[in-house]
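Visitor: When the letters of the sequence shown are read in order and numbered with this note's numbering, they come out as residues 106 to 363.
Glycine included, C-beta positions come from ideal geometry on N, C-alpha and C.
The structure displayed is predicted, hence computed values, not measured ones.
Please read through the structure below; I'll follow up with questions.
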Amino acid sequence: MATPRTTTGRIATVIYGFIGCTCCVLFFNLFIERLITVFTYVLRSLDGADDNWRPSVYKVFFMVFTLCVIFILISAGFYTVTERWYYLDAFYFCFIGFGTIGFGDFVPNQLPQYEYPRNLIRIANFLILSLGASSVYCLFNVSSMVIRQFLNWLIKRMDVKTDDSRDFFCLRRKRKRYMGLGLRPPPGYDPSETSSCSGEGLLSLKEFLMTNQTSILTIQRHLIQAVAPPVKPTNQPEKISANRIGPMGLLTEKLGDR
């Protein structure tokens, strides 16, 4: 077995996993920044836009999706040749491995003999898994933006609001009510309005984050300013929201909310 059996080994695994996973997430976020920046420059050169131009999230999604599909197809061919798997099994392994799901039903570098040097195959496995996991991680984050925009469109079409009235499940119709998932509210929207069924009620995630200012936004803004063009300062105070922290904040800053 490759799992730790002693108490010392398990404690060392926890410490190593904590540090390793933290560094891995940092690497993934930096990879997203660089990849989206490259795609933004490509789309900007093709569109010839002005200073206020923002790339379409759907175009970026198509480019990232195409990149991931091509990379998975090529990687599956590599494992078909080196590991002697069926192509469909190799394709399945690439998606499971790149998506960090890792069932363990397919494990590379287990044959007793290879037609190519084993060390060369190990280096190729490391590069393929690292680039593949970073690309699929970027695809998942961009896909979440597409799904978020679809859900916002669906919620706006439903035109549903929450209120403190005694209506069934507190659902009632009201025109021009904003209920988006992380999008910037329209002009005139008052976030201090009651948003739950009870008198005291629970704050929504957006309002909760806006009322608990932290230093995360400052760190995030410095990361974005390192690669983004300078933005004209505004007199409006900065606000914390769920779509401005982590990978979603990186993508929102690059692609915008629409």
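Assign VAL212 to buried or exposed, taking buried as 16 or more other Cβ atoms, counted over all protein chains shown, within 10 Å of its Cβ.
Guide: Within the sequence shown, numbered from 1, the residue matching residue 212 stands at position 107. By the 10 Å Cβ count, VAL212 comes out exposed.
Visitor: With burial defined as no fewer than 16 other Cβ atoms inside 10 Å of the residue's Cβ, what is the status of SER150: buried or exposed?
Guide: What you label residue 150 is simply residue 45 of the sequence shown in a count that begins at 1. By the neighbour-count rule (16 or more Cβ atoms within 10 Å), SER150 is not buried but exposed.
Visitor: Measure the beta-carbon distance from SER240 to LEU172 and round it to whole angstroms, keeping in mind my assumption that it falls under 8 Å.
Guide: Position 135 of the sequence shown, counting from 1, holds the residue named residue 240. Position 67 of the sequence shown, counting from 1, holds the residue named residue 172. Going by Cβ atoms, the distance from SER240 to LEU172 rounds to 6 Å, so yes, they are a contact pair.
Visitor: With a threshold of 16 other CB atoms inside 10 Å of the CB of LYS311, please say whether the residue is buried or exposed.
Guide: Translated into the one-based positions of the sequence shown, residue 311 becomes position 206. Only weak support exists for where LYS311 lies, its pLDDT of 49 falling under 50; the value from the coordinates is given anyway. Answer is buried; the Cβ neighbour count reaches 16.
Visitor: So, at 6 Å on beta carbons, what are the nonlocal neighbours of TYR242 in its own chain, with the 5 sequence-adjacent residues on each side left out?
Guide: The residue you call residue 242 lines up with position 137 of the sequence shown. Cβ within range, chain order: PHE133.
Visitor: Just checking my contact of GLY73 with LEU234 at CB under 8 Å: how many whole Å lie between their CB atoms?
Guide: Look at the range of the chain in this structure, 106 to 363, and you will see that residue 73 is not part of it.
Visitor: Figure out for me which residue from MET168, LEU135, GLU138, TRP258 has the closest Cα to the Cα of LEU148.
Guide: Here residue 148 refers to the residue found at position 43 of the sequence shown. Nearest C-alpha to LEU148: MET168.
Visitor: Take the Cβ of VAL186 as the centre, count every other Cβ of all protein chains shown within 10 Å, and call the residue buried at 16 or more, exposed below.
Guide: Stepping through the sequence shown from its first residue, residue 186 is reached at position 81. Classification for VAL186: exposed.
Visitor: Across the stretch 213-222 and the stretch 187-196, are there enough close Cβ pairs to call them in contact, namely three or more that are closer than 8 Å?
Guide: Short answer: they touch.
Visitor: Report, in whole angstroms, the separation of the C-beta atoms of PHE196 and ILE177, which I expect to be a contact under 8 Å.
Guide: Along the sequence shown, read from residue 1 onward, the residue named residue 196 stands at position 91. Along the sequence shown, read from residue 1 onward, the residue named residue 177 stands at position 72. That pair is a contact at about 7 Å.
Visitor: Is it right to say SER180 is buried, meaning 16 or more other beta carbons lie within 10 angstroms of its own, or is it exposed?
Guide: Within the sequence shown, residue 180 is the residue found at index 75, counting from 1. Result: buried.
Visitor: At which residue ranges does the stretch 145-200 contain complete alpha helix (DSSP H) runs of 4 or more residues, listed in the order of the chain?
Guide: Within the stretch 145-200, the complete alpha helix (DSSP H) runs of at least 4 residues are 162-187.
Visitor: Would the beta-carbon of ILE124 fall within 8 Å of that of ASN246?
Guide: Indexing the sequence shown from 1 puts residue 124 at position 19. Indexing the sequence shown from 1 puts residue 246 at position 141. Not in contact: ILE124 and ASN246 (Cβ atoms no closer than 8 Å).
Visitor: At the level of alpha carbons, what is the spacing between TRP258 and TYR146?
Guide: Taking the first residue of the sequence shown as 1, we reach residue 258 at position 153. Taking the first residue of the sequence shown as 1, we reach residue 146 at position 41. Rounded to whole angstroms, TRP258 to TYR146 spans 28 Å at the Cα level.
Visitor: Ignore the nearest five residues each way along the sequence and tell me which others in TYR219's own chain have a CB closer than 8 Å to its CB.
Guide: Locating residue 219 in the sequence shown gives position 114, counting from the first residue. THR187, ILE226, listed in sequence order.
Visitor: Rounded to a whole number of angstroms, what is the C-alpha to C-alpha distance between PHE144 and PRO160?
Guide: By 1-based counting over the sequence shown, the position of residue 144 is 39. By 1-based counting over the sequence shown, the position of residue 160 is 55. Roughly 9 Å between the two C-alpha positions.
Visitor: Decide if MET250 is buried, meaning its Cβ has at least 16 other Cβ atoms within 10 Å, or exposed.
Guide: For the purposes of this step, residue 250 is taken as residue 145 along the sequence shown, with counting starting at 1. With 16 or more other Cβ atoms within 10 Å, it is buried.
Visitor: Starting from the C-beta of PRO109, find all residues in its chain whose C-beta is less than 8 Å away, skip the five residues before and the five after it, and write them out in chain order.
Guide: Within the sequence shown, residue 109 is the residue found at index 4, counting from 1. Excluding sequence neighbours, PRO109 sits near ARG115, ALA117, THR118.
Visitor: For the candidate residues TYR221, ILE260, ALA238, whose alpha-carbon lies nearest to that of CYS199?
Guide: Translated into the one-based positions of the sequence shown, residue 199 becomes position 94. Among TYR221, ILE260, ALA238, the Cα nearest to that of CYS199 belongs to ALA238.
Visitor: Could you say which of VAL162, ILE120, CYS128, THR111 lies nearest to LEU244 if we only look at CA atoms?
Guide: Counted from its first residue, the sequence shown places residue 244 at position 139. Taking only the C-alpha atoms, the option nearest LEU244 is VAL162.
Visitor: Which two residues bound the contiguous alpha helix (DSSP H) that contains GLN254?
Guide: By one-based count along the sequence shown, residue 254 stands at place 149. Element bounds for GLN254: 223-263.
Visitor: Determine whether the beta carbon atoms of PHE183 and SER248 lie at a separation below 8 Å.
Guide: In the sequence shown, residue 183 corresponds to position 78, counting from 1. In the sequence shown, residue 248 corresponds to position 143, counting from 1. Their beta carbons are not under 8 Å apart, which means PHE183 does not touch SER248 by this criterion.
Visitor: Taking the alpha-carbon positions, what's the GLN254 to ASN224 distance?
Guide: Taking the sequence shown and counting its residues from 1, the one referred to as residue 254 is at position 149. Taking the sequence shown and counting its residues from 1, the one referred to as residue 224 is at position 119. For GLN254 and ASN224, the distance between alpha carbons rounds to 45 Å.
Visitor: Among ASP156, LYS261, LEU236, ARG262, which has the Cα closest to the Cα of VAL174?
Guide: Within the sequence shown, numbered from 1, the residue matching residue 174 stands at position 69. The residue with the shortest Cα to Cα distance from VAL174 is LEU236.
Visitor: Can you list, in chain order, the residues of its chain with a C-beta nearer than 6 Å to that of LEU193? Leave out the 5 residues immediately preceding and following it.
Guide: As a position in the sequence shown, residue 193 is number 88, starting the count at 1. Counting only Cβ-Cβ distances below 6 Å, and skipping sequence neighbours, we find nothing.
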